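> The numbering of the sequence shown is the numbering used here, which starts it at 39 and goes up by one.
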Amino acid sequence: MNTARKDIHNSDIPAICRACEARHKGICGALTPEQLTKLNKYTKQYSYQSGNELLSAGEDVHRYSNILRGVVKLSKLLADGRQQIVGLQFAPDFMGRPFRDQSNVIADAATDVRVCSFPRSVMEDMIRESPDLEHKLHEQALDELDEARDWMLTLGRKSASEKVASFLFLIASHIDPEIDVHEGSIEFELPLKRSNIADFLGLTIETVSRQITKLRKAGVIQVENNRTVVVPDLERLRSACEIES
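#1: Answer yes or no: does any C-beta atom of chain B fall closer than 7 Å to that of E244?
#2: For L175, which residues of its own chain have a beta-carbon under 8 Å away from its beta-carbon, when the five flanking residues on both sides are left out?
#3: Determine the extent of the alpha helix (DSSP H) in which G125 is found, giving its start and end residues.
#4: So who's on the other strand from V151, going by DSSP bridges?
#5: Give the single residue among T75, R120, D214, A147 whose Cα lies nearest to the Cα of F156.
#6: Is the segment 205-225 touching the segment 82-97 in the sense that three or more CB pairs, one from each, lie closer than 8 Å?
#7: List, from N- to C-terminal side, the alpha helix (DSSP H) runs of 4 residues or more that fit wholly inside the segment 153-179.
#8: Distance, Cα to Cα, Q249 vs E273?
#9: Is it buried or exposed, Y102, if we count other Cβ atoms within 10 angstroms and call 16 or more buried?
#10: P215: which of L106, L253, M190 sits nearest, CA to CA?
#11: Grab the span of the alpha helix (DSSP H) containing V258 for me, first residue to last.
#12: Residue range of the beta strand (DSSP E) that N104 falls in?
#13: A179 and L92 look like a contact to me (Cβ under 8 Å); what is the Cβ gap, rounded to whole Å?
#14: What residue range is occupied by the uninterrupted beta strand (DSSP E) comprising V268?
#15: Along the beta strand (DSSP E) that carries E200, what are the first and last residues, could you check?
#16: Do A129 and S88 have their beta-carbon atoms positioned less than 7 Å apart in this structure?
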């Protein structure tokens, strides 16, 4: 039995929250049943099709969200209009920066995305009242900082093959919070076009395609319909990234 869902039948928890992986593994896991009930009064769920914008840079922030499903692409806009992908977010990540008035990134749906959204004012009141929630958000911010540093290493020092393997490992290990990454194969749709992957990794499209083919021929991944990737053994893919176990 999935222990993350041990309180799925707890009647004190709002029905919409009981089986939510964003609650168990995300910031809502720090909330009491009473706080969840309060937050639930203001909560709305929204769906976005792939390619739609969730948030623009410089936009006033009125709501925060938990990602329930899908992949969100974060980008920065340069003065000359060029756009650079600076990160990806997955379920059950928290979208937003508490106590900031405006967004400093563009957030687009890289795949079809569903989010659970709540007013900024309500969440910030809860942060002030709940040390556990503040700690959880602080922990997530530090995790994002560590991941950003790791990605700087990937972009700055790794070979093209290692960069592509690292990108695929990132997706495979984050794409679905309900998947046990240590058991069996993992299958996913590439959330970015190869041109976007090339942009994210600082490579050409041709290099990305060559390295994916190389990983496929080595049996590290399988590719179906050009977008569906199967990872039979996550540890083999990890080794291809030069990531320490």
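A virtual CB, placed ideally from N, CA and C, is assigned to each residue, including glycine. The structure presented is a predicted model; accordingly, all values stated were derived computationally and were not measured.
On the basis of the coordinates in this document:
#1: Among the chains of the structure shown, chain B does not appear; only one protein chain is present.
#2: I65, F132, P136, I165
#3: Per DSSP, G125 belongs to no alpha helix (DSSP H); it is in the beta strand (DSSP E), 121-128.
#4: Y86
#5: T75
#6: no
#7: 158-167
#8: 18 Å
#9: buried
#10: L106
#11: Looking at the DSSP string, V258 is not in any alpha helix (DSSP H), and its letter there is neither H nor E.
#12: 101-107
#13: Their Cβ separation, rounded to whole angstroms, is 19 Å, which puts A179 and L92 out of contact at 8 Å.
#14: 266-269
#15: No beta strand (DSSP E) holds E200; the alpha helix (DSSP H) holding it covers 198-212.
#16: no
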